[in-house]
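Chemist:
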Amino acid sequence: MTAPCQEACPTGNPIPQFLYLAGKGRYDEALQTLLKENPFPGVCGRVCFHPCETDCNRAQYDESVSIRSMERYVSDAASGQLPNSKPIRNTNSKKVAIVGAGPAGLSCAYFLSLLGHRATIYENQKEPGGVMRWGIPGYRLPKSVVRKEIQRILSLPVEIKTNVNVGEDISFGELTRFNAVFLSPGARLNAPLSIAGEDLKRVWKGGDFLERIHSKDKVSLGRETLVIGGGNTAMDVARSALRLGSKVTIAYRRTRNEMPAFQDEIIEAEEEGIRFEFLIQPVKVTLLKNRKLAVKFQRMKLRGLDQRGRPKAIPVKGDFLELEADHLITAAGEQVDLSWIPQDLIKDGLIEVNPSSNIFAGGDATDQPRTIVTAISSGKRAAISIDLHARGNSYSGVFSKIRLGNKGSVSMETYLSGRGGGKWTEPLEVVLYERLNTLFFEPKNRVGMRQLNHSRRLRDFSEVNLGFSSEEAALSASRCFTCGTCNYCYNCYFFCPEGAISIDPDRQSKTVDLEHCKGCGTCAKACPRNVVEMKEVG
Ligand SMILES: Cc1cc2nc3c(=O)[nH]c(=O)nc-3n(C[C@H](O)[C@H](O)[C@H](O)COP(=O)(O)OP(=O)(O)OC[C@H]3O[C@@H](n4cnc5c(N)ncnc54)[C@H](O)[C@@H]3O)c2cc1C
Ligand code: SF4
Ligand code: SF4
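All residue numbers for the sequence shown refer to the numbering used here, where the first residue is 1265 and numbers rise by one.
1) Since Ala1639 and Gly1656 are thought to touch, with beta carbons under 8 angstroms apart, how far apart are those beta carbons, to the nearest angstrom?
2) How many angstroms separate the CA atom of Arg1487 from the CA atom of Val1559?
3) Please determine whether the Cβ atom of Thr1297 lies at a distance below 8 angstroms from any heavy atom of ligand 3.
4) With DSSP as the reference, please indicate the residues paired to Ile1623 in a beta bridge.
5) Measuring only the C-alpha atoms, how far is Cys1747 from Asn1794?
6) Which whole-angstrom value is the C-beta distance of Pro1806 and Phe1561, which I expect to be below 8 angstroms?
7) Can you give me the C-alpha to C-alpha distance between Leu1447 and Ser1658, rounded to a whole angstrom?
8) Smallest Cα separation from Glu1541: which of Phe1526, Lys1565, Asn1618, Leu1551?
9) Does the distance from the CB of Leu1298 to the CB of Glu1335 come in under 9 angstroms?
10) So, at 7 angstroms on beta carbons, what are the nonlocal neighbours of Leu1551 in its own chain, with the 5 sequence-adjacent residues on each side left out?
11) Quick check on Glu1736: does DSSP put it in helix, strand or coil?
12) Report yes or no: do three or more beta-carbon pairs, one from the region 1636-1655 and one from the region 1456-1476, lie closer than 8 angstroms?
13) So, with DSSP's three-state summary, where would you put Gly1364?
14) May I ask you to list the residues that DSSP assigns as paired with Phe1745?
15) Taking the Cβ atom as the reference point for each residue, do Phe1705 and Tyr1284 lie within a distance shorter than 9 angstroms?
16) Confirm the yes/no value for this check: CB of Gly1805, any heavy atom of ligand 3, distance under 8 angstroms.
17) Please say whether Glu1529 and Asp1570 have beta carbons closer to each other than 9 angstroms?
18) Flag Cys1791 as yes if its beta-carbon sits less than 9 angstroms from any beta-carbon of chain C, otherwise no.
19) Return yes when the C-beta of Ile1531 is under 8 angstroms from any heavy atom of ligand 2, and no when it is not.
20) Quick check: the Cα distance between Ser1675 and Asn1277, rounded to an integer number of angstroms?
21) Using only CA atoms, which one of Ser1681, Ser1734, Ile1414, Pro1274 lies nearest to Glu1690?
22) Between Ala1373 and Val1422, how many whole angstroms is the CB-CB distance? I'm expecting something under 8 angstroms.
23) Counting along the chain, where does the alpha helix (DSSP H) carrying Met1499 start and finish?
24) Within the present structure, is the beta-carbon of Cys1269 separated from the nearest heavy atom of ligand 4 by less than 8 angstroms?
25) Quick check on Pro1278: does DSSP put it in helix, strand or coil?
26) Do Pro1769 and Thr1786 have their beta-carbon atoms positioned less than 9 angstroms apart in this structure?
27) Helix or strand or just coil, what does DSSP make of Gln1599?
28) Considering only residues of the same chain and omitting the five flanking positions on each side of Glu1391, which have a CB-CB separation below 7 angstroms?
29) Which whole-angstrom value describes the C-beta separation of Gln1599 and Ala1451, a residue pair presumed to lie in contact below a C-beta threshold of 8 angstroms?
30) Restricting to Cα atoms, I'd like to know which of His1381, Ser1664, Thr1775, Leu1346 is closest to Ile1362.
31) To the nearest whole angstrom, what separates the beta carbons of Ser1603 and Ala1368, a pair I think is in contact under 8 angstroms?
32) For Thr1440, count the other beta carbons within 10 Å of its own beta carbon; 16 or more makes it buried, fewer makes it exposed. Which is it?
33) On the premise that Ser1719 lies in contact with Tyr1403, defined as a C-beta separation below 8 angstroms, what is that separation, rounded to the nearest angstrom?
34) Please report the Cβ distance between Ser1330 and Ser1740, rounded to the nearest whole angstrom; I am assuming they are in contact, meaning their Cβ atoms lie under 8 angstroms.
35) Do Ile1459 and Lys1548 have their C-beta atoms within less than 9 angstroms of each other?
36) Using the rule of at least 16 other Cβ atoms within 10 Å of the residue's Cβ for burial, across every protein chain shown, is Gln1772 buried or exposed?
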């Protein structure tokens, strides 16, 4: 059966399996299990928004399993870092061009390579990684982790050409010499505020500010910094400015409830001493004689809903406020640079491709949630689509077979299992909490992750979350119910009144002797994790 955590993970991580192996201290195997579906467990184990934990069955019993932290633990603890999976022999190998080496492009290259195709990635920065490399600060995601995971991908037959800007150094047309193209340029343009004074020297763009910090350029801020925005970029900008010694205020035009940034980020920003001003929107920036900036804000209120269903912020007539700061950093959203993309591939400011063509797209430049794990998932889907395209198969039929539940994630392992014969088994059902036998479990508190103390945090960009110890990891892994996956607890074997069940954990096999089985269903009732199911046959 499919566990609900795996269904909710956009890249379909085999969560019960990797947690089972981690619980036995078999970290190398646990990492290899993760790498079947996701080339970035170290990154996701730190900065994924972990929808898996929201859907974890254990959340209905006491508290969800710390899946994200365990993903990080396994990725850090495993000694063998190279993927065990080797590219399959592919007599129909295709050449694929990928634009952009962010999580979407790199994942597409990884899976294409495992499927025996040859990917060439064009990246306009000097190092690959996209936002993971140039955006997310080191106190959340150390660069060494990003480099290690990219190195793993580049150990496969993947070619990468950095410092090549598609549209400038090579034209879009030149990509058509490849058999297929995957577009994943991300969304790197900072949305303008479109207000007077925005071009003043001390007004900076959030993305540029973060990039300069990553480039190790010397960045000096004045005593006070104002940050405009309520998303992840605004939080990263504000917390980075704090580490550079500035006092920081975030101004956001709605309230805390509507902030698009991840909750953890907002809480950590508050804990570190960042001030928030809600329901204000900048209208003008001026430079004062004392070289400070004066930012005039319009007060706002919430009324009705906008097109995306969020409360609409509208001005409170005649109500303004002024804040002074040494620097203003804007983080009001990111846009896609479409200047080099053919018009017929653009819709509503994003890339949209014709599903029957040999051009594919994914990540932030397309209409999908802007997160790393969805970018990875789009790269995986594109690699499968390109493989199917090369083999002349229809996509929809296959994707409906390799899906994990009903939330959009797909399994590469399942795809590979049916690829040779062109036949896939029906998708498995998702284990509902009601179908677990929780009598066999006992409450255990979730382990919290240790963090750097507040005063130490602000001294530099050291990682804030310190990870689990081996004892904490073992305890966390043991909290998993392994929903839908047998962990050889022997309940069915012991409870069967007919002795009809035999188990061989070494060979990972279970057999039911149908000659002796009376169909009483005791084994299914005694199975804690909904692996055994009674079905009428024949
Ligand atoms: C500051 C910030 C913090 C974030 N924090 C988180 C987080 O904590 N968790 C999370 O899940 N998500 C987070 N996100 C979102 C996440 O980073 C993105 O959703 C993800 O990186 C998108 O991946 P991508 O591959 O589509 O694009 P990107 O990561 O943007 O990569 C695209 C790559 O393409 C290159 N490129 C662009 N145009 C061209 C061209 N013409 N030629 C060649 N190369 C080109 C770019 O230089 C870049 O390297 C954050 C985003 C930002 C901006
Ligand atoms: S990638 Fe994200 S959603 Fe998937 S298992 Fe890891 S933390 Fe959970
Ligand atoms: S208990 Fe384990 S297998 Fe079940 S949903 Fe939670 S993490 Fe997944």
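We treat Cβ as the ideally placed atom computed from N, Cα and C, and that holds for glycine.
Modeler: Put simply:
1) In the sequence shown, counting from the first residue as 1, residue 1639 sits at position 375. In the sequence shown, counting from the first residue as 1, residue 1656 sits at position 392. The pair is not a contact, with the Cβ atoms about 28 angstroms apart (cut-off 8 angstroms).
2) As a working mapping, residue 1487 is identified with position 223 in the sequence shown. As a working mapping, residue 1559 is identified with position 295 in the sequence shown. Computed Cα separation, rounded: 16 angstroms.
3) Counting from one through the sequence shown, the residue named residue 1297 turns up at place 33. Answer for Thr1297: no, Cβ out of range of ligand 3.
4) To locate residue 1623, count along the sequence shown from 1; it is residue 359. Answer is Val1445, bridged to Ile1623.
5) For the purposes of this step, residue 1747 is taken as the residue at position 483 of the sequence shown. For the purposes of this step, residue 1794 is taken as the residue at position 530 of the sequence shown. Using only the alpha carbons, I get a separation of about 7 angstroms.
6) Outside the shown range of the chain, which is 1265 to 1802, sits residue 1806, and nothing can be said about it.
7) For this step, residue 1447 is matched to residue 183 along the sequence shown. For this step, residue 1658 is matched to residue 394 along the sequence shown. Rounded to whole angstroms, Leu1447 to Ser1658 spans 21 angstroms at the Cα level.
8) As a first step, residue 1541 must be located in the sequence shown, where it is residue number 277. For the residues Phe1526, Lys1565, Asn1618, Leu1551, the minimum Cα distance to Glu1541 belongs to Lys1565.
9) The residue given as residue 1298 occupies position 34 in the sequence shown. The residue given as residue 1335 occupies position 71 in the sequence shown. Contact annotation: Leu1298 and Glu1335 have beta-carbon atoms nearer than 9 angstroms.
10) As a working note, residue 1551 is residue 287 in the sequence shown. Excluding positions up to five away in sequence, the list reads Leu1464, Leu1557.
11) In the sequence shown, residue 1736 corresponds to position 472, counting from 1. In this structure, DSSP gives Glu1736 a helical state, which the three-state scheme calls helix.
12) no
13) Locating residue 1364 in the sequence shown gives position 100, where the first residue counts as 1. In the structure shown, Gly1364 sits in coil (DSSP, three-state: anything other than H, G, I, E or B).
14) Within the sequence shown, numbered from 1, the residue matching residue 1745 stands at position 481. DSSP output for Phe1745 lists no bridge partner at all.
15) What you label residue 1705 is simply residue 441 of the sequence shown in a count that begins at 1. What you label residue 1284 is simply residue 20 of the sequence shown in a count that begins at 1. Their beta carbons are not under 9 angstroms apart, which means Phe1705 does not touch Tyr1284 by this criterion.
16) Coverage of the chain is limited to positions 1265 through 1802, which leaves residue 1805 absent and any answer about it impossible.
17) Within the sequence shown, residue 1570 is the residue found at index 306, counting from 1. Within the sequence shown, residue 1529 is the residue found at index 265, counting from 1. No. Outside cutoff.
18) The structure shown contains no chain C; it is built from a single protein chain.
19) Looking up residue 1531 in the sequence shown gives position 267. No.
20) As a first step, residue 1675 is located in the sequence shown; it is residue number 411 there, counting from the start. As a first step, residue 1277 is located in the sequence shown; it is residue number 13 there, counting from the start. C-alpha separation (whole angstroms): 8 angstroms.
21) If you number the sequence shown from 1, residue 1690 lands on position 426. Checking every option, the nearest Cα to that of Glu1690 belongs to Ser1681.
22) Translated into the one-based positions of the sequence shown, residue 1373 becomes position 109. Translated into the one-based positions of the sequence shown, residue 1422 becomes position 158. About 5 angstroms separates the two Cβ atoms, so the contact holds.
23) Looking up residue 1499 in the sequence shown gives position 235. Per DSSP, Met1499 belongs to the alpha helix (DSSP H) from 1496-1507.
24) Inclusion of ligand 4 in the displayed structure is not the case, the ligand content consisting of ligand 1, ligand 2 and ligand 3 alone.
25) Residue mapping note: residue 1278 aligns to position 14 of the sequence shown, counting from 1. Shown here, Pro1278 sits in coil according to DSSP, grouped into three states, outside any helix or strand.
26) One-based indexing of the sequence shown puts residue 1786 at position 522. One-based indexing of the sequence shown puts residue 1769 at position 505. In this structure, Pro1769 does not lie closer than 9 angstroms to Thr1786 by Cβ.
27) One-based indexing of the sequence shown puts residue 1599 at position 335. In the three-state reduction of the DSSP assignment, Gln1599 falls in the strand class, which pools E and B.
28) Here the question's residue 1391 lines up with position 127 in the sequence shown. Hits under 7 angstroms: Arg1397, Thr1426.
29) Working through the sequence shown from its first residue, we reach residue 1599 at position 335. Working through the sequence shown from its first residue, we reach residue 1451 at position 187. Confirmed, about 6 angstroms.
30) Against the sequence shown, residue 1362 aligns to sequence position 98. For the residues His1381, Ser1664, Thr1775, Leu1346, the minimum Cα distance to Ile1362 belongs to His1381.
31) Taking the first residue of the sequence shown as position 1, residue 1603 is located at position 339. Taking the first residue of the sequence shown as position 1, residue 1368 is located at position 104. Actually they are not in contact, since the Cβ atoms of Ser1603 and Ala1368 sit about 20 angstroms apart, beyond 8 angstroms.
32) Within the sequence shown, numbered from 1, the residue matching residue 1440 stands at position 176. Thr1440 comes out exposed.
33) Position 139 of the sequence shown holds residue 1403. Position 455 of the sequence shown holds residue 1719. Rounded, the Cβ-Cβ distance is 14 angstroms, inconsistent with contact.
34) What you label residue 1330 is simply residue 66 of the sequence shown in a count that begins at 1. What you label residue 1740 is simply residue 476 of the sequence shown in a count that begins at 1. Contact holds; Cβ gap of about 5 angstroms.
35) Taking the first residue of the sequence shown as position 1, residue 1459 is located at position 195. Taking the first residue of the sequence shown as position 1, residue 1548 is located at position 284. Yes, Cβ-Cβ distance for Ile1459 and Lys1548 is below 9 angstroms.
36) Residue 1772 sits at position 508 when you count from the first residue of the sequence shown. Exposed, by the Cβ-count rule.
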